[in-house]
Amino acid sequence: MPWQNRVTPTGEIISHKMRGLFMGNRGILHDDHGQLGISRWKHPHWIICLTEFRNRHRVVMSPRRYTELFFLDEAVALAAGHRPCAECRRLEYNQYLVAVSDTFDEGPPKAAELDRRLQNERVSRLRQQITHQAPVTVLPNGTMLRLADDANQIRLRVGNRLLLWTMESYIDDGMVVHQPGGERSAEVLTPPTSVRALLAGYQPVLHPSARHG
1 MPWQNRVTPT GEIISHKMRG LFMGNRGILH DDHGQLGISR WKHPHWIICL
51 TEFRNRHRVV MSPRRYTELF FLDEAVALAA GHRPCAECRR LEYNQYLVAV
101 SDTFDEGPPK AAELDRRLQN ERVSRLRQQI THQAPVTVLP NGTMLRLADD
151 ANQIRLRVGN RLLLWTMESY IDDGMVVHQP GGERSAEVLT PPTSVRALLA
201 GYQPVLHPSA RHG
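With our numbering as the guide, the letters of the sequence shown map in order to residues 1 to 213.
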(Lines of atoms letter the chains of each structure in order from A and count residues from 1; the text may use other names and numbers.)
(Lines give C-alpha, C1' and ligand atoms only; values in the text may rest on other atoms or scores of the structure.)
Protein backbone atom coordinates (compact mmCIF):
# COMPACT_ATOMS: atom_id res chain seq x y z
CA MET A 1 0.00 0.00 0.00
CA PRO A 2 1.52 3.37 -0.99
CA TRP A 3 2.17 5.97 1.70
CA GLN A 4 -0.49 8.60 2.27
CA ASN A 5 1.67 11.48 1.07
CA ARG A 6 0.48 12.42 -2.42
CA VAL A 7 -1.18 15.82 -2.74
CA THR A 8 -4.04 16.78 -5.04
CA PRO A 9 -4.76 20.29 -6.41
CA THR A 10 -7.36 20.69 -3.65
CA GLY A 11 -4.66 20.19 -1.02
CA GLU A 12 -5.94 16.78 0.03
CA ILE A 13 -3.26 14.25 1.04
CA ILE A 14 -4.05 10.77 -0.26
CA SER A 15 -2.48 7.35 -0.77
CA HIS A 16 -1.44 6.75 -4.39
CA LYS A 17 1.41 5.17 -6.33
CA MET A 18 2.20 8.43 -8.17
CA ARG A 19 5.65 9.80 -7.33
CA GLY A 20 5.55 13.21 -8.99
CA LEU A 21 8.08 15.80 -10.09
CA PHE A 22 8.25 17.72 -6.81
CA MET A 23 8.27 17.17 -3.08
CA GLY A 24 6.70 19.39 -0.42
CA ASN A 25 6.85 20.05 3.30
CA ARG A 26 4.20 21.12 5.83
CA GLY A 27 5.92 19.71 8.92
CA ILE A 28 5.64 16.37 10.73
CA LEU A 29 2.21 14.95 9.93
CA HIS A 30 2.86 11.22 10.49
CA ASP A 31 3.50 9.04 13.52
CA ASP A 32 6.32 6.55 14.15
CA HIS A 33 4.49 4.02 11.97
CA GLY A 34 4.14 6.36 8.99
CA GLN A 35 0.44 6.96 9.53
CA LEU A 36 -1.03 10.45 9.19
CA GLY A 37 -2.93 11.93 12.10
CA ILE A 38 -5.60 14.61 11.96
CA SER A 39 -3.31 17.56 11.18
CA ARG A 40 -2.64 18.45 7.55
CA TRP A 41 0.01 21.03 8.42
CA LYS A 42 2.15 21.98 11.40
CA HIS A 43 3.43 25.35 10.18
CA PRO A 44 2.51 27.88 7.46
CA HIS A 45 5.69 27.43 5.40
CA TRP A 46 4.32 25.19 2.68
CA ILE A 47 7.15 24.77 0.19
CA ILE A 48 7.83 23.09 -3.15
CA CYS A 49 11.14 21.22 -3.19
CA LEU A 50 13.27 19.23 -5.58
CA THR A 51 13.10 15.47 -5.08
CA GLU A 52 16.93 15.39 -5.25
CA PHE A 53 19.24 18.08 -3.87
CA ARG A 54 22.97 18.01 -3.08
CA ASN A 55 23.01 14.23 -2.75
CA ARG A 56 20.93 14.37 0.40
CA HIS A 57 19.20 11.10 1.16
CA ARG A 58 16.06 10.65 3.23
CA VAL A 59 14.08 7.61 4.26
CA VAL A 60 10.48 8.54 3.47
CA MET A 61 8.16 8.78 6.49
CA SER A 62 10.98 8.47 9.02
CA PRO A 63 9.87 8.94 12.65
CA ARG A 64 10.06 12.51 13.97
CA ARG A 65 11.09 13.97 10.62
CA TYR A 66 8.94 16.06 8.32
CA THR A 67 6.42 14.27 6.12
CA GLU A 68 7.56 14.15 2.50
CA LEU A 69 4.65 15.19 0.28
CA PHE A 70 4.63 14.62 -3.48
CA PHE A 71 2.97 16.53 -6.33
CA LEU A 72 2.43 15.60 -9.97
CA ASP A 73 4.05 18.91 -10.93
CA GLU A 74 4.45 22.52 -9.83
CA ALA A 75 1.02 23.62 -11.04
CA VAL A 76 -0.56 21.10 -8.65
CA ALA A 77 1.71 22.25 -5.82
CA LEU A 78 0.80 25.90 -6.37
CA ALA A 79 -2.91 25.05 -6.46
CA ALA A 80 -2.53 23.17 -3.18
CA GLY A 81 -1.14 26.36 -1.62
CA HIS A 82 2.62 25.77 -1.74
CA ARG A 83 5.36 28.09 -3.03
CA PRO A 84 8.97 27.49 -4.22
CA CYS A 85 11.56 26.57 -1.59
CA ALA A 86 14.14 29.28 -0.88
CA GLU A 87 16.94 26.73 -0.48
CA CYS A 88 16.75 24.01 -3.11
CA ARG A 89 14.85 26.18 -5.62
CA ARG A 90 16.40 29.56 -4.87
CA LEU A 91 16.18 30.87 -8.45
CA GLU A 92 12.49 29.99 -8.72
CA TYR A 93 11.81 31.38 -5.25
CA ASN A 94 13.34 34.73 -6.24
CA GLN A 95 11.40 34.74 -9.52
CA TYR A 96 8.18 34.10 -7.61
CA LEU A 97 8.94 36.94 -5.16
CA VAL A 98 9.60 39.40 -7.98
CA ALA A 99 6.41 38.31 -9.72
CA VAL A 100 4.25 39.09 -6.67
CA SER A 101 6.21 42.08 -5.32
CA ASP A 102 3.79 44.72 -6.61
CA THR A 103 1.01 43.22 -4.47
CA PHE A 104 2.96 44.00 -1.29
CA ASP A 105 3.38 47.51 0.10
CA GLU A 106 7.17 47.46 0.40
CA GLY A 107 8.28 45.40 -2.58
CA PRO A 108 9.32 41.74 -2.46
CA PRO A 109 8.13 40.24 0.85
CA LYS A 110 10.05 38.22 3.39
CA ALA A 111 9.23 34.51 3.40
CA ALA A 112 7.22 34.77 6.62
CA GLU A 113 5.07 37.57 5.21
CA LEU A 114 4.49 35.67 1.99
CA ASP A 115 3.54 32.52 3.89
CA ARG A 116 1.08 34.38 6.10
CA ARG A 117 -0.71 35.68 3.04
CA LEU A 118 -0.77 32.29 1.35
CA GLN A 119 -2.08 30.69 4.53
CA ASN A 120 -4.98 33.15 4.59
CA GLU A 121 -5.70 32.45 0.92
CA ARG A 122 -5.52 28.66 0.89
CA VAL A 123 -7.46 27.35 3.92
CA SER A 124 -10.46 28.57 5.91
CA ARG A 125 -10.94 28.42 9.67
CA LEU A 126 -12.78 25.17 9.03
CA ARG A 127 -9.60 23.88 7.36
CA GLN A 128 -11.22 23.70 3.94
CA GLN A 129 -9.62 24.90 0.73
CA ILE A 130 -10.48 28.49 -0.17
CA THR A 131 -11.28 29.05 -3.84
CA HIS A 132 -12.42 32.06 -5.85
CA GLN A 133 -14.37 32.69 -9.03
CA ALA A 134 -13.04 34.20 -12.25
CA PRO A 135 -13.73 34.15 -15.99
CA VAL A 136 -11.71 31.40 -17.63
CA THR A 137 -10.26 33.75 -20.24
CA VAL A 138 -8.49 35.97 -17.68
CA LEU A 139 -6.67 33.10 -15.97
CA PRO A 140 -2.98 32.59 -16.83
CA ASN A 141 -1.22 29.44 -17.95
CA GLY A 142 -0.56 27.14 -15.00
CA THR A 143 -3.81 27.92 -13.19
CA MET A 144 -5.85 24.98 -11.92
CA LEU A 145 -9.62 25.29 -11.95
CA ARG A 146 -13.04 23.72 -12.14
CA LEU A 147 -15.45 24.89 -14.82
CA ALA A 148 -18.87 25.96 -13.57
CA ASP A 149 -20.53 23.55 -16.01
CA ASP A 150 -18.04 20.72 -15.33
CA ALA A 151 -17.51 20.99 -11.57
CA ASN A 152 -16.49 17.37 -11.02
CA GLN A 153 -13.30 17.74 -13.06
CA ILE A 154 -10.12 19.66 -12.23
CA ARG A 155 -8.35 21.25 -15.18
CA LEU A 156 -5.10 23.03 -15.99
CA ARG A 157 -4.94 25.95 -18.37
CA VAL A 158 -2.16 25.65 -20.95
CA GLY A 159 -2.62 28.13 -23.77
CA ASN A 160 -6.10 27.62 -25.20
CA ARG A 161 -6.28 24.09 -23.78
CA LEU A 162 -7.98 23.09 -20.54
CA LEU A 163 -6.30 19.80 -19.73
CA LEU A 164 -8.01 17.26 -17.51
CA TRP A 165 -5.98 16.51 -14.38
CA THR A 166 -5.48 12.97 -13.08
CA MET A 167 -3.12 11.78 -10.35
CA GLU A 168 -0.59 10.49 -12.89
CA SER A 169 -0.90 12.82 -15.88
CA TYR A 170 -2.97 15.37 -17.78
CA ILE A 171 -5.37 14.36 -20.54
CA ASP A 172 -6.23 16.51 -23.54
CA ASP A 173 -9.92 15.71 -24.02
CA GLY A 174 -10.53 18.60 -26.39
CA MET A 175 -11.76 21.15 -23.83
CA VAL A 176 -10.58 24.65 -24.75
CA VAL A 177 -10.77 28.12 -23.25
CA HIS A 178 -12.47 29.85 -26.15
CA GLN A 179 -15.67 28.02 -27.07
CA PRO A 180 -18.94 29.14 -28.68
CA GLY A 181 -21.56 30.32 -26.23
CA GLY A 182 -19.81 33.18 -24.49
CA GLU A 183 -17.67 33.60 -21.41
CA ARG A 184 -17.52 30.80 -18.85
CA SER A 185 -16.84 31.10 -15.15
CA ALA A 186 -14.41 28.92 -13.21
CA GLU A 187 -13.77 28.01 -9.61
CA VAL A 188 -10.08 28.80 -9.26
CA LEU A 189 -8.09 26.44 -7.04
CA THR A 190 -4.76 28.27 -7.32
CA PRO A 191 -4.53 30.93 -4.57
CA PRO A 192 -4.74 34.58 -5.73
CA THR A 193 -1.09 35.35 -4.91
CA SER A 194 0.11 32.45 -7.05
CA VAL A 195 -2.29 33.44 -9.84
CA ARG A 196 -0.69 36.90 -9.69
CA ALA A 197 2.75 35.30 -9.98
CA LEU A 198 1.61 33.38 -13.06
CA LEU A 199 0.11 36.52 -14.60
CA ALA A 200 3.42 38.32 -14.04
CA GLY A 201 5.34 35.63 -15.89
CA TYR A 202 6.29 32.99 -13.35
CA GLN A 203 6.50 29.70 -15.25
CA PRO A 204 5.77 26.57 -13.24
CA VAL A 205 7.37 23.28 -14.20
CA LEU A 206 4.62 21.17 -15.76
CA HIS A 207 4.33 17.42 -16.16
CA PRO A 208 5.42 16.24 -19.64
CA SER A 209 1.83 15.25 -20.45
CA ALA A 210 0.85 18.94 -20.17
CA ARG A 211 3.67 20.15 -22.35
CA HIS A 212 3.18 17.55 -25.06
CA GLY A 213 -0.46 16.55 -24.63
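From the three backbone atoms N, C-alpha and C, an ideal C-beta is built for every residue, glycine too.
Handout entry: Per-residue DSSP class, three states only, for ALA80
Key = Here ALA80 sits in coil by DSSP.
Problem - Residues that LEU69 bridges to, as DSSP identifies them - result: Partner(s): GLY24.
Exercise for the section: Would you identify the three-state DSSP class for ARG161, choosing helix, strand or coil? Expected result: Strand, per DSSP.
Exercise for the section: Identify whether MET55 lies in helix, strand or coil by the three-state DSSP scheme. Expected result: Residue identity check: residue 55 is Asn in the sequence provided, not Met. Under the three-state reduction of DSSP output, ASN55 falls in the coil class, being neither helix nor strand.
Exercise for the section: Name the residue from GLN35, VAL76, ILE38 and SER62 whose alpha carbon lies nearest to the alpha carbon of CYS49. Expected result: Residue VAL76 is the option with its Cα nearest to CYS49.
Handout entry: Sub-8 Å separation of LEU156 and ALA210 beta-carbons
Key = Against a cut-off of 8 Å, the Cβ pair of ALA210 and LEU156 comes out as a contact.
Problem - Helix, strand or coil at GLN95 [DSSP, three-state] - result: Residue state, collapsed to three classes: helix.
Practice task
Report buried or exposed for LEU78, applying the criterion of at least 16 other Cβ atoms within 10 angstroms of its Cβ.
Solution key: With 16 or more other Cβ atoms inside 10 Å of its own Cβ, LEU78 counts as buried.
Problem - Sufficient close CB pairs (3 or more, under 8 Å) joining the region 106 to 121 to the region 176 to 183 - result: No, the region 106 to 121 is not in contact with the region 176 to 183.
Problem - Which of helix, strand or coil DSSP assigns to GLU183 - result: The answer is coil: DSSP assigns GLU183 none of H, G, I, E or B.
Problem - the region 31 to 46 touching the region 99 to 106, judged by at least three CB pairs closer than 8 Å - result: Of all C-beta pairs linking the region 31 to 46 to the region 99 to 106, fewer than three are shorter than 8 Å, placing the two stretches out of contact.
Problem - Nearest-angstrom Cα separation, counted from LEU72 out to LEU164 - result: Spanning the two alpha carbons is a distance of roughly 13 Å.
Handout entry: Helix, strand or coil at PRO63 [DSSP, three-state]
Key = Look at PRO63 here: in three-state DSSP terms it is coil, with no helix or strand label.
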